[in-house]
Amino acid sequence: MVARDKRTTISKTREVLDEARGGILFIDEAYTLGMVSRRSNRADTAQDAIAELVASMDESSRTGGASDENAPLIILAGFPMEMQSFLVNQPELRTRFPLTFEFPDYSCLELAQIFADLSHAKGFDLDSNLSISDIAKLLDKETTASWRTEHNGRLSEMLLTGARTEVRKRMRAAQFEDVDDVDPQLIMREDIENVMHEDFK
């Protein structure tokens, strides 16, 4: 929503609001609106975007919401500490977002289950000696809690991307070794271990 000048920022913000009419406007990492860039007047233009959001909410609530039934539901999302700091410095927003919901981080078991679900959705199977519990234990062993918090649900996607790469490596190696029994849709324990050792740092 933030551009280099006030007029473009207001125009972009209104465009985003218009596109979200009748639905939800989800602004992830909303605290980036409060970040200052040394290369531009981003702080000023970000305030213009915030002011436009506030004006839109005020307009839709002026008569208890009846003035604009299609006004979008606006959700600001982000990491808890950054969001708290952002809202402390944005009283206009703080008073208009009285409800806060904090979702706990995924557990290793939940991340492993998400990975398994994603894998199956992409047509992959897990090897018989690779259970969801095994993946969870590997995650707990090979990653720190803070690293998992930083990556959250994306971690499962990263793991699947890495596992697919490992499968392709095995297929290429099998071609050189003249082996025909490599299943291109099977994720093995060694694939997961390799991804965690090489990429999950």
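Following the UniProt record's numbering, the numbering of the sequence shown begins with 1 at its first residue and continues without gaps.
Virtual Cβ for every residue (Gly too), placed ideally from N, Cα, C.
A quick note: this is a predicted structure, and the numbers were derived from the prediction, not measured.
CA-to-CA distance, residue j to residue i, given in whole angstroms
i, j, result
"Leu25", "Val16", "8 Å"
"Pro184", "Arg168", "7 Å"
"residue 202", "Arg164", "Within the shown structure, residues of the chain are numbered from 1 to 201, placing residue 202 beyond reach of any answer."
"Gly22", "His151", "31 Å"
"Ile187", "Tyr106", "22 Å"
"Ser37", "Glu190", "Low confidence applies here, because Ser37 scores a pLDDT of 49, under 50, leaving its location unreliable; read the following figure in that light. Distance between the alpha carbons of Ser37 and Glu190: 44 Å."
"Glu193", "Arg14", "47 Å"
"Ile50", "Ile27", "12 Å"
"Arg148", "Phe200", "10 Å"
"Asp117", "Ala77", "25 Å"
"Asp44", "Asp58", "21 Å"
"Val182", "Gly162", "18 Å"
"residue 202", "Pro91", "Any answer about residue 202 is impossible in this case: the structure gives the chain only from 1 up to 201."
"Ile132", "Met196", "15 Å"
"Thr143", "Cys108", "10 Å"
"Glu198", "Glu69", "51 Å"
"Arg96", "Ser60", "12 Å"
"Ala46", "Leu93", "13 Å"
"Pro80", "Ile135", "28 Å"
Status (buried if at least 16 other CB within 10 Å, exposed otherwise) for residue i
i, result
"Pro72", "buried"
"Gly34", "buried"
"Val2", "buried"
"Gly65", "Caution is warranted here: a pLDDT of 48 is assigned to Gly65, below 50, making its placement in the model unreliable, and the coordinate value is therefore given only provisionally. Looking at its Cβ environment, which holds fewer than 16 other Cβ atoms inside 10 Å, Gly65 is exposed."
"Glu52", "buried"
"Val88", "exposed"
"Phe103", "exposed"
"Thr9", "buried"
"Leu138", "buried"
Extent of the continuous alpha helix (DSSP H) to which residue i belongs
i, result
"Phe176", "Arg154 to Phe176"
"Phe26", "First-last for Phe26: Ile24 to Ile27, but that is the beta strand (DSSP E), not the alpha helix (DSSP H)."
"residue 244", "The shown model of the chain, from 1 to 201, leaves out residue 244, and the question about it has no answer."
"Glu69", "Careful: Glu69 lies outside any alpha helix (DSSP H) and carries neither H nor E."
"Ser133", "Ile132 to Glu142"
First through last residue of the beta strand (DSSP E) which encompasses residue i
i, result
"Leu33", "Segment: none, Leu33 is in no beta strand (DSSP E) and carries neither H nor E."
Residues that residue i bridges to, as DSSP identifies them
i, result
"Ile187", "Leu126"
Point to revise | Given 8 Å, three or more beta-carbon pairs between the segment 119-139 and the segment 76-86 | key: With the rule of 3 Cβ pairs closer than 8 Å, the segment 119-139 does not count as touching the segment 76-86.
Review point. Touching or not, the segment 170-177 and the segment 144-162, by the rule of three or more beta carbon pairs under 8 Å?
Key: Touching, no.
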